[in-house]
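Here the sequence shown stands for residues 1 to 302, numbered as in the UniProt record's numbering.
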Amino acid sequence: MSVLPEYVLSLSPLHVNSNYSVLLSREIDFVWKSNWSWGKIIYVSNRYGIVLVQTAGIPYWMMLNPSLNSCKYFFRLNIWFTYGFVNIVAYVAGVRTYALCSGKKGIKLLITSMFIVQFMVVISAFVLYEKLTKFAPSPFTGVSCLFTVTTTPRLGQILAYSAPAICEIGLCLISTARIVQLKRQGQSRLVAVVFRDNLVFIAVVTSSILVNVFLAIFVPEDHSVLRSTFTNVTQVVGSVICCRMLLHLRSYLQETEIGGENGHIVLGKVSLTTINFSRNQPPPRTGTIVSLRTEIGSNSTE
């Protein structure tokens, strides 16, 4: 079966409910029944950290008639959590791409460089955003802090959204190049999994970030309600989709080990530096200290 028909079949109504139940089962298996590892910590931080991010923003969004000083404090708290979470989502996407490429050294260095650049740009945008945002008493009564923001730095917003967009497009290009290699190796099932996830990621997450860039460029600086609302939606969607991409890859590795197809994983904790998708290629070296080294815990029963 070709990649596209297999992807279309997975979107059919007959498979929607079963897909949700399967994803829930995989998540329970990973979060509650697997060994703790760095990969699991990052996954939990990304999957459930969004709840903490949204909770931190509740006072900024929901508290009515607050003082101006309180609004400034809640604004900084909300921005700090928001920009920090952006880096976690990028890290998870990088880990998934790194695992897909069998832990190759060149890919590791490329992804590490991309992540470091994004981190520095996002932190710079955070500083600009915090320092240059201006507040004034709201002309309305019974409204939240959101209506006290009069000016937000356009450059800070463009940097904050452009860096993740460029990084994610780069990760998708790396994954696409890997898809071509896997297709030549006859790994049609893995190609279908990666193709589906990449398509959803580009169509939803990357597109949402590009919309944020568009809003930052063309929407007036004193219209912060629309930008803030769309940013929150992008965060939630990005968190869910990145985690599902990691679960899909982990599930494939487990099924490959059980089914005996082309693939190599280690029972117990599965280190991303030992993943190998082809019998003809020796497993990458383990035990090396790398900045993107992580682990995905498999079932604790060994």
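C-beta atoms are modelled at their ideal positions from N, C-alpha and C, and glycine is treated no differently.
Cβ atoms of residue j and residue i: under 8 Å apart, would you say?
i, j, result
"P164", "L128", "no"
"Y161", "A216", "yes"
"residue 319", "C242", "With the chain represented from 1 up to 302, any question about residue 319 goes unanswered, as that position is not in the structure."
"Q54", "A90", "no"
"L247", "F30", "yes"
"L64", "V143", "yes"
"K134", "T151", "yes"
"G57", "N78", "yes"
"I50", "V194", "no"
"G170", "M114", "yes"
"S208", "R26", "no"
"A99", "L249", "yes"
Out of the options, which has the shortest C-alpha to C-alpha gap to residue i?
i, options, result
"I42", "A93, K134, E168", "A93"
"K72", "C167, N65, Y60, G106", "Y60"
"V191", "R184, F214, I107, I179", "I179"
"L132", "R76, R250, V31", "R76"
"R47", "R196, F147, F85", "F85"
"P220", "Y83, V149, T97", "V149"
"residue 304", "S34, T97, T229", "With the chain running from 1 to 302 in the structure shown, residue 304 is simply not present."
"I166", "V95, V205, I79, I50", "V205"
"residue 310", "F218, V95, G170", "The chain is shown only over 1 to 302; residue 310 falls outside these bounds and no answer can be derived."
"V229", "A99, M245, V211, L171", "According to the sequence provided, residue 229 is Thr. The question's Val does not apply to it. Out of A99, M245, V211, L171, V211 has the C-alpha closest to the C-alpha of T229."
"F214", "L253, V200, L159", "L159"
"L253", "R189, E168, L199", "R189"
"V240", "T231, L249, R227, F201", "F201"
"T69", "K105, A136, C172, R227", "Before going on, a small fix: residue 69 reads as Asn here, not Thr. It is A136."
"S124", "Y83, R244, T141, L110", "Y83"
"W32", "C172, R196, V44", "V44"
"E168", "T141, D197, G106", "D197"
"C172", "M245, R227, F140, W38", "M245"
Count the other CB atoms within 10 Å of the CB of residue i; is the residue buried (16 or more) or exposed (fewer)?
i, result
"G238", "buried"
"P66", "buried"
"K108", "buried"
"F74", "buried"
"M62", "exposed"
"L146", "buried"
"S138", "buried"
"L24", "exposed"
"T234", "buried"
"F218", "exposed"
"S34", "buried"
"T231", "buried"
"L182", "buried"
"R184", "exposed"
_Contiguous alpha helix (DSSP H) assignments of at least 4 residues, all confined to the region 55-117_ = The alpha helix (DSSP H) runs of length 4 or more contained entirely in the region 55-117 are, from start to end of the chain, 58-62, 68-100.
_For the region 110-128 against the region 153-162, do three or more pairs of beta-carbon atoms, one drawn from each stretch, fall closer than 8 Å, so that the two count as touching?_
Flag = yes, the region 110-128 and the region 153-162 touch.
*Note down, one range per segment and in chain order, each alpha helix (DSSP H) of at least 4 residues found wholly within the region 168-224.*
Correct list: 188-200, 207-218.
*Could I get the ranges of all uninterrupted beta strand (DSSP E) runs contained in the region 134-159, with 3 residues as the minimum, in chain order?*
Every beta strand (DSSP E) stretch that sits fully inside the region 134-159 and reaches 3 residues is listed by chain position as 149-151.
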